[in-house]
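Okay, structure first, notes after.
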Amino acid sequence: MKKQNKSNLKTQQIDAHLVDNQNRVMTTNDGVPIHDNNNTLKAGERGPSLLEDFIYQDKLAHFDRERIPERVVHARGSGAHGVFEATADISNYTRASFLKKGAVTPLFVRFSTVAGFKGSTDLARDVRGFSVKFYTQEGNYDLVGNNIPVFFIQDAMQFPDLVHAVKPEPDKEIPQAASAHDTFWDFISLMPEAAHMSLWVMSDRAIPRSLRMMEGFGVHTFKFVNEEGKGTFVKFHWKPKLGVHQVAWQEAQKISGYDADFHRRDLWEAIDNGDFPQWDLGVQLIPEEDELKYSFDILDPTKIIPEELVPVQIIGTMTLNRNPENFFAETEQIAFDPGRLVPGIDFSNDPLLQGRVFSYADTQNYRLGGPNFHELPINRPVNGKHNNQKDGFQRTDIPKGNVSYFPNSLGGGCPYHAMLKGEKGFESHAEKIDAKKIRGRSTSFADHFTQARLFFNSQSKPEQQHIINAFSFELSKVNSVVIRTRELAILNQIDEVLAAGVGKHLGIEPPKQLDELTLQFARQNHPDYPIKPNKP
Ligand code: HEM
Numbered sequence: 001m002k003k004q005n006k007s008n009l010k011t012q013q014i015d016a017h018l019v020d021n022q023n024r025v026m027t028t029n030d031g032v033p034i035h036d037n038n039n040t041l042k043a044g045e046r047g048p049s050l051l052e053d054f055i056y057q058d059k060l061a062h063f064d065r066e067r068i069p070e071r072v073v074h075a076r077g078s079g080a081h082g083v084f085e086a087t088a089d090i091s092n093y094t095r096a097s098f099l100k101k102g103a104v105t106p107l108f109v110r111f112s113t114v115a116g117f118k119g120s121t122d123l124a125r126d127v128r129g130f131s132v133k134f135y136t137q138e139g140n141y142d143l144v145g146n147n148i149p150v151f152f153i154q155d156a157m158q159f160p161d162l163v164h165a166v167k168p169e170p171d172k173e174i175p176q177a178a179s180a181h182d183t184f185w186d187f188i189s190l191m192p193e194a195a196h197m198s199l200w201v202m203s204d205r206a207i208p209r210s211l212r213m214m215e216g217f218g219v220h221t222f223k224f225v226n227e228e229g230k231g232t233f234v235k236f237h238w239k240p241k242l243g244v245h246q247v248a249w250q251e252a253q254k255i256s257g258y259d260a261d262f263h264r265r266d267l268w269e270a271i272d273n274g275d276f277p278q279w280d281l282g283v284q285l286i287p288e289e290d291e292l293k294y295s296f297d298i299l300d301p302t303k304i305i306p307e308e309l310v311p312v313q314i315i316g317t318m319t320l321n322r323n324p325e326n327f328f329a330e331t332e333q334i335a336f337d338p339g340r341l342v343p344g345i346d347f348s349n350d351p352l353l354q355g356r357v358f359s360y361a362d363t364q365n366y367r368l369g370g371p372n373f374h375e376l377p378i379n380r381p382v383n384g385k386h387n388n389q390k391d392g393f394q395r396t397d398i399p400k401g402n403v404s405y406f407p408n409s410l411g412g413g414c415p416y417h418a419m420l421k422g423e424k425g426f427e428s429h430a431e432k433i434d435a436k437k438i439r440g441r442s443t444s445f446a447d448h449f450t451q452a453r454l455f456f457n458s459q460s461k462p463e464q465q466h467i468i469n470a471f472s473f474e475l476s477k478v479n480s481v482v483i484r485t486r487e488l489a490i491l492n493q494i495d496e497v498l499a500a501g502v503g504k505h506l507g508i509e510p511p512k513q514l515d516e517l518t519l520q521f522a523r524q525n526h527p528d529y530p531i532k533p534n535k536p
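Written out as structure tokens, the structure reads:
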């Protein structure tokens with residue numbers, strides 16, 4: 001017997017949509033009983049088939065449209081239902097109702113790889129997506145993070161370039177392995193800001209033992225906002241109760257060969273057996289007054305805030321306790337969006353985060369076929385949605401009455417916003433902005449190597465060797481010696497032992513200085529590049 005099927009508000013909502021086909025006579029999509037599901041309608045026993053066969057058309061026309069576009073990134077994923085229980089009193093910092101001590105909130109998680117297609121192997125060397133949709137009493141809150149705490153780029157404008165470089169090359173559509181090719185290393189070696197993240201991706205963190213054994217990070221700095229409207233910067237961390245574990249590269253390759261679904265199977269079986277995976281949610285809190293206190297910019301997504309500077313406080317626990325009933329309806333149709341906030345949480349001005357806020361709903365309008373994807377069972381808020389929006393492809397809600405505007409004097413429609421009821425809805429943090437409109441990059445984002453070095457030095461000797469081996473393997477697949485050498489110059493800025501180790505494998509002496517093209521590119525953002533870090 002299954003040990004799962006834990007019930008909560010969200011799973012009850014999902015269960016209301018389950019269709020049980022057992023012992024039912026098969027029908028067309030219009031409910032017409034099908035007499036014979038084996039044979040098309042023909043003129044005589046040996047044909048031809050007749051165009052009037054609406055039963056055949058009903059079946060084939062639907063089949064012909066079964067596929068929807070896979071996600072433009074993070075196409076390969078595995079999901080599960082669960083709950084979050086808030087365990088700490090942080091009401092001084094946020095008024096988010098689901099973070100009130102004792103609150104229990106249903107959620108759905110989707111873990112993913114980034115670069116591979118929907119059918120690619122789980123054990124690829126890659127970042128893992130770690131997305132959580134909290135179905136709170138004040139709407140859906142999506143924490144759309146990764147298992148690596150920093151990102152390759154600092155500004156959203158460069159995201160399509162990054163993804164075009166990572167995905168298979170446009171002519172051959174090979175290789176599928178994200179990092180083992182010229183276009184990826186061409187881009188990375190021209191982008192010193194990617195140095196920190198590339199070290200994480202070449203480390204064992206990029207080949208997790210299990211989805212149950214990896215950390216998650218919100219990556220960006222967000223903002224908590226309390227009842228009085230005061231903001232506090234916050235970084236989110238998921239800490240697995242099972243600890244953080246990876247496999248070795250040779251193991252990853254073997255596992256990929258034996259079982260490309262290794263992570264998906266492991267997660268499913270654990271939940272099915274009642275061995276529910278858990279993560280603690282931790283936060284690093286930074287008072288607004290401390291925004292400019294650090295040697296790095298807390299708005300820069302290529303930087304962590306070291307835990308010795310700001311410790312992580314645990315504020316709750318997530319438990320995954322139910323597998324999806326249907327992969328497509330739940331794991332595939334779920335729509336995560338970092339732009340989906342609830343009262344008490346807000347964005348910071350991180351330029352990568354700000355850009356993400358546009359991209360997710362935009363792609364989902366396309367991927368999920370129009371503006372009513374919020375009505376799909378997996379995306380519906382548990383507290384209901386009420387507004388005067390109407391129509392659009394695939395609308396399923398049927399609003400009552402003949403009024404769909406605000407304000408109105410006829411009665412009907414949706415006549416209130418929270419203020420009219422004397423309540424507080426979502427209020428953006430009233431941050432003071434006094435600035436000139438410019439297109440550019442802050443010099444506080446210009447130190448690209450200090451934290452990459454910090455990461456390398458934080459690794460044990462065997463882990464450092466794994467990083468050297470990974471760079472050596474991946475760069476040895478790059479055809480261009482110029483690109484290999486340019487990347488070695490970046491590694492040499494981080495750590496000489498690292499660069500020398502990789503250079504030895506490649507038979508190339510690592511250059512002391514950054515490549516001229518890398519410098520030219522960095523100077524597009526920072527004319528005086530390289531710039532010394534703010535403080536030691
Ligand atoms: C998925 C855009 C940066 C984590 C996606 C999708 C898009 C996208 C278009 C597909 C969504 C869908 O089809 O439902 C962007 C842009 C970025 C960016 C424009 C930068 C400007 C990031 C960063 C993170 C991240 C920094 C981690 C903090 C994810 C995850 C998913 C995803 C986890 C998969 C969500 C799921 O499981 O459905 N991203 N992304 N992305 N992105 Fe990003």
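First residue of the sequence shown? That's 1 in full-length UniProt numbering, and the numbers climb one at a time after it.
Glycine included, C-beta positions come from ideal geometry on N, C-alpha and C.
Is it right to say residue i is buried, meaning 16 or more other beta carbons lie within 10 angstroms of its own, or is it exposed?
{"i": "Ser480", "result": "exposed"}
{"i": "Met318", "result": "buried"}
{"i": "Gln520", "result": "exposed"}
{"i": "Lys303", "result": "buried"}
{"i": "Val83", "result": "buried"}
{"i": "Tyr416", "result": "exposed"}
{"i": "Ile334", "result": "buried"}
{"i": "Leu51", "result": "exposed"}
{"i": "Gln513", "result": "exposed"}
{"i": "Asp20", "result": "exposed"}
{"i": "His245", "result": "exposed"}
{"i": "Pro536", "result": "Unreliable placement is indicated for Pro536, whose pLDDT of 43 sits below 50; no coordinate value is reported for it."}
{"i": "Arg67", "result": "exposed"}
{"i": "Gly501", "result": "buried"}
Does the distance between the C-beta of residue i and the nearest non-hydrogen atom of ligand 1 fall short of 8 Å?
{"i": "Ser112", "result": "yes"}
{"i": "Arg356", "result": "yes"}
{"i": "Arg523", "result": "no"}
{"i": "Ser120", "result": "no"}
{"i": "Asn146", "result": "yes"}
{"i": "Gln284", "result": "no"}
{"i": "Pro301", "result": "yes"}
{"i": "His448", "result": "no"}
{"i": "Val201", "result": "no"}
{"i": "Ser359", "result": "yes"}
{"i": "Val478", "result": "no"}
{"i": "Leu352", "result": "yes"}
{"i": "residue 547", "result": "Residue 547 is absent from the model: the chain starts at 1 and stops at 536."}
{"i": "Ile345", "result": "no"}
{"i": "Gln364", "result": "yes"}
{"i": "residue 582", "result": "No answer is possible for residue 582: it lies beyond the span of the chain, which begins at 1 and ends at 536."}
{"i": "Gly129", "result": "yes"}
{"i": "Glu336", "result": "For clarity, residue 336 is Phe in the given sequence; the question names Glu instead. The answer is yes for Phe336."}
Helix, strand or coil: which one does DSSP assign to residue i?
{"i": "Met26", "result": "coil"}
{"i": "Pro536", "result": "Below a pLDDT of 50, predicted positions are generally treated as unreliable, and Pro536, at 43, falls in that range; the measurement from the model is reported next regardless. Pro536: coil per DSSP, three-state reduction."}
{"i": "Met1", "result": "Summary for Met1: the model assigns pLDDT 42, below 50, so the residue's position carries little reliability, and this model does not support an answer."}
{"i": "Leu376", "result": "coil"}
{"i": "Val482", "result": "helix"}
{"i": "Gln459", "result": "coil"}
{"i": "Arg367", "result": "helix"}
{"i": "Ile174", "result": "coil"}
{"i": "Gly344", "result": "coil"}
{"i": "Lys504", "result": "helix"}
{"i": "Ser359", "result": "helix"}
{"i": "Gln524", "result": "helix"}
{"i": "Gln246", "result": "strand"}
For the putative contact between residue i and residue j, defined by C-beta atoms under 8 Å, what is the C-beta separation to the nearest angstrom?
{"i": "Met160", "j": "Val219", "result": "In the sequence on display, residue 160 carries Pro and not Met. 18 Å between Cβ atoms; not a contact."}
{"i": "Gly79", "j": "Val109", "result": "6 Å"}
{"i": "Glu269", "j": "Phe233", "result": "Actually they do not touch by this definition, with Cβ atoms about 39 Å apart."}
{"i": "Ser404", "j": "Lys421", "result": "Contact flag wrong, Cβ pair sits at about 20 Å."}
{"i": "Ser203", "j": "His466", "result": "7 Å"}
{"i": "Ala75", "j": "Gly102", "result": "Contact flag wrong, Cβ pair sits at about 38 Å."}
{"i": "Gly252", "j": "Leu123", "result": "The identity of residue 252 in the sequence shown is Ala, whereas the question assumes Gly. The pair is a contact, with the Cβ atoms about 4 Å apart (cut-off 8 Å)."}
{"i": "Lys241", "j": "Trp279", "result": "7 Å"}
{"i": "Trp249", "j": "Ile207", "result": "7 Å"}
{"i": "Ile305", "j": "Lys235", "result": "6 Å"}
Could you tell me whether any non-hydrogen atom of ligand 2 is closer than 8 Å to the CB of residue i?
{"i": "Ala124", "result": "As far as ligands go, the structure on display features ligand 1 and does not contain ligand 2."}
Query - Segments assigned alpha helix (DSSP H), at least 4 residues, entirely inside the segment 388-457 - result: none
Query raised in the report: Taking the runs of the alpha helix (DSSP H) that are 4 residues or longer, which of them lie wholly in the segment 46-114?
Result: 54-63
Query raised in the report: What beta strand (DSSP E) runs, 3 residues minimum, are completely inside the segment 253-313?
Result: 278-287
Query raised in the report: If you scan the segment 178-249 from start to end, which runs of the alpha helix (DSSP H) of 4 or more residues do you find wholly inside it?
Result: 182-189 and 195-201
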